[in-house]
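Student: Residue 194 in UniProt numbering sits at position 194 of the sequence shown; the count goes up by one each step and never skips.
Just so it is clear, CB atoms sit at the ideal spot from N, CA and C, and this is done for glycine as well.
Dropping a structure here in structure tokens format, bear with me for questions.
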Amino acid sequence: MEDVGTGVTAFERGDAVTVLPSVRPLGFGTYGETILVPDVAVVAQPPELSAVEAAALWVAHLTAYAPLVEIAEVGPGDVVLINAASSSVGLAAISIVRRLNATPVALTRTRRKADLLLRLGAAVIVTDEEDVVGRTHALTAGAGARVAFDAVAGPALTTLLHALAPGGIVVQYGLLSQEPMLFPLDVSARKLTITGYRLDLATDTELRRRAYRFVKDGVAAGAIRPVVADTFPLSAAAAAHAVLERNTHVGKIVLIP
């Protein structure tokens, strides 16, 4: 941190910090060697991580924190379905579910990334080529999963609802599918909860404090570690975006000024 404005008390010049570019509604960019951001969009870098690792940590883990910890209240013994599991948020969700002593079930399109997902903490891999509902019920002795964390929506949300136990909850945070969402007729009878989440920590100071503490404690304990797929110099931002668009990477791509 090169300097702070009048009234900023949480940080001072020279602090090692990370910027949260997804905090809204703030309207600022971060592709630059020097940037100006509000203090609400800055968090201290955990001492256990390098600057690159810290850059890859926060957005994914903060996105997964509130849905899993505060909304679904995941706890010991819960089975949690996580689709788009090889995404950065999916990987963060796996580590958070593990941290909560629950069982993360990674849903992914094919088995191409299955071994890596297992190494990164997934308890079970289920692919779109399989019967997701049948596998889930087999894994839970017929009960179904209590929680689902949905990045896809569309038909995938319908599948998750069929895979939930009575009284289960799905937290929907992404729209990768862009297809209509159809709800089973028994949603009400099975007392299922469907809710959404959007990462916006700018207006909830207490949520932000709890989220930061949970992630920092997880890092310090070795239970949370960001996955960095690759790094690029800022001058090669176009090449980094080309890699993103190919969607073959696992983890975060970090630009280095």
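Pull up the CB-CB distance for Leu68 and Phe149, whole angstroms please, since I reckon it's below 8 Å.
Tutor: Here residue 68 refers to the residue found at position 68 when the sequence shown is read from its first residue. Here residue 149 refers to the residue found at position 149 when the sequence shown is read from its first residue. The pair is a contact, with the Cβ atoms about 6 Å apart (cut-off 8 Å).
Student: Please check the pair Gly154 and Pro184, which I expect to be a contact at CB under 8 Å, by giving their CB distance rounded to whole angstroms.
Tutor: Working through the sequence shown from its first residue, we reach residue 154 at position 154. Working through the sequence shown from its first residue, we reach residue 184 at position 184. Their Cβ separation, rounded to whole angstroms, is 14 Å, which puts Gly154 and Pro184 out of contact at 8 Å.
Student: Could you give the first and the last residue of the continuous alpha helix (DSSP H) run that contains Leu157?
Tutor: One-based indexing of the sequence shown puts residue 157 at position 157. Taken as a continuous stretch (DSSP letters only), the alpha helix (DSSP H) holding Leu157 covers 155–163.
Student: Considering only the alpha carbon of each residue, which of Glu48, Pro47, Thr18, Pro166 lies closest to Pro38?
Tutor: For the purposes of this step, residue 38 is taken as the residue at position 38 of the sequence shown. Residue Thr18 is the option with its Cα nearest to Pro38.
Student: Let me make sure I understand the geometry here. Which of Ala54, Val170, Thr248 has the alpha-carbon closest to that of Ile82?
Tutor: Against the sequence shown, residue 82 aligns to sequence position 82. Nearest C-alpha to Ile82: Val170.
Student: Starting from the Cα of Lys252, find the closest Cα among Val126, Glu33, Ser86 and give me that residue.
Tutor: In the sequence shown, the residue the question calls residue 252 occupies position 252. The residue with the shortest Cα to Cα distance from Lys252 is Ser86.
Student: Jot down the residue ranges of each uninterrupted beta strand (DSSP E) in the stretch 40–86, minimum 3 residues, whole runs only, in chain order.
Tutor: Counting only runs of 3 or more, we get 42–44, 79–82.
Student: Could you spell out where the alpha helix (DSSP H) holding Gly134 opens and where it closes?
Tutor: Start at 1 with the first residue of the sequence shown, and residue 134 comes out as number 134. First-last of the alpha helix (DSSP H) with Gly134: 132–139.
Student: Check this for me: beta carbons of Gly174 and Val152, under 8 Å apart or not?
Tutor: The sequence position of residue 174 within the sequence shown is 174, counting from 1. The sequence position of residue 152 within the sequence shown is 152, counting from 1. Yes.
Student: Quick one: measure Cβ to Cβ for Ile94 and Ala60, integer angstroms, because I've assumed they're closer than 8 Å.
Tutor: Along the sequence shown, one-based indexing puts residue 94 at 94. Along the sequence shown, one-based indexing puts residue 60 at 60. Contact doesn't hold; Cβ gap of about 11 Å is too wide.
Student: Determine the extent of the beta strand (DSSP E) in which Val152 is found, giving its start and end residues.
Tutor: Residue numbering aside, residue 152 sits at position 152 when the sequence shown is read from its first letter. Segment: none, Val152 is in no beta strand (DSSP E) and carries neither H nor E.
Student: Identify the residues that DSSP records as bridge partners of Thr195: which are they?
Tutor: Counting from 1 along the sequence shown, the entry for residue 195 is found at position 195. BP columns for Thr195 point to Val171.
Student: Going along the chain, which residues of its own chain have a beta-carbon closer than 7 Å to the beta-carbon of Leu117, five neighbours each way excluded?
Tutor: The count along the sequence shown starts at 1 and reaches residue 117 at position 117. The answer, listed in chain order, is Ala85, Ser86, Ala106, Thr108, Ile125.
Student: Quick one: what does DSSP say Arg209 is sitting in, helix, strand or coil?
Tutor: The residue given as residue 209 occupies position 209 in the sequence shown. Helix.
Student: Where Val43 and Arg213 are concerned, what is the direct C-alpha to C-alpha distance, given to the nearest angstrom?
Tutor: Position 43 of the sequence shown, counted from the first residue, corresponds to residue 43. Position 213 of the sequence shown, counted from the first residue, corresponds to residue 213. Distance between the alpha carbons of Val43 and Arg213: 11 Å.
Student: Between which two residues does the alpha helix (DSSP H) carrying Val126 extend?
Tutor: As a working mapping, residue 126 is identified with position 126 in the sequence shown. Element bounds for Val126: not the alpha helix (DSSP H) but the beta strand (DSSP E), 124–127.
Student: Between Gly168 and Gly196, which are expected to be in contact by the criterion C-beta below 8 Å, what is the C-beta distance as a whole number of angstroms?
Tutor: If you number the sequence shown from 1, residue 168 lands on position 168. If you number the sequence shown from 1, residue 196 lands on position 196. That pair is no contact at about 16 Å.
Student: State buried or exposed for Ser235, treating a residue as buried only when at least 16 other CB atoms are found within 10 Å of its CB.
Tutor: Taking the first residue of the sequence shown as position 1, residue 235 is located at position 235. Per the 10 Å Cβ criterion, exposed.
Student: Among residues of its own chain, excluding the 5 on either side of Gln226, which ones have a beta-carbon nearer than 6 Å to its beta-carbon?
Tutor: Taking the sequence shown and counting its residues from 1, one reaches residue 226 at position 226. It is Pro, not Gln, that sits at residue 226 in the sequence shown. Answer for Pro226: Glu53, Ala56, Leu57, listed in chain order.
Student: Pick out whichever of Asp128, Ala51, Ala16, Leu182 has its Cα sitting closest to the Cα of Thr110.
Tutor: On the sequence shown, position 110 is the one that residue 110 refers to. Here the closest residue by C-alpha is Asp128.
Student: If we count the other Cβ atoms within 10 Å of its Cβ and call it buried at 16 or more, is Lys113 buried or exposed?
Tutor: Position 113 of the sequence shown, counting from 1, holds the residue named residue 113. Label assigned to Lys113: buried.
Student: When you compare each of Glu73, Arg119, Val89, Leu20 to Leu100 by their alpha carbons, which one comes out closest?
Tutor: For the purposes of this step, residue 100 is taken as the residue at position 100 of the sequence shown. Closest by alpha carbon: Glu73.
Student: Taking residue 270 as part of the alpha helix (DSSP H), name the residues at either end of that continuous run.
Tutor: For residue 270 there is no data in the structure shown, the boundaries of the chain being 1 and 257.
Student: What is the DSSP secondary structure of Val215, counted as helix, strand or coil?
Tutor: Within the sequence shown, numbered from 1, the residue matching residue 215 stands at position 215. Three-state DSSP puts Val215 in a helix.
Student: Residues in its own chain within less than 8 Å of Ala220 by CB, not counting five upstream and five downstream?
Tutor: Along the sequence shown, read from residue 1 onward, the residue named residue 220 stands at position 220. Once the five neighbours on either side are set aside, the close Cβ partners of Ala220 are Pro46, Glu48.
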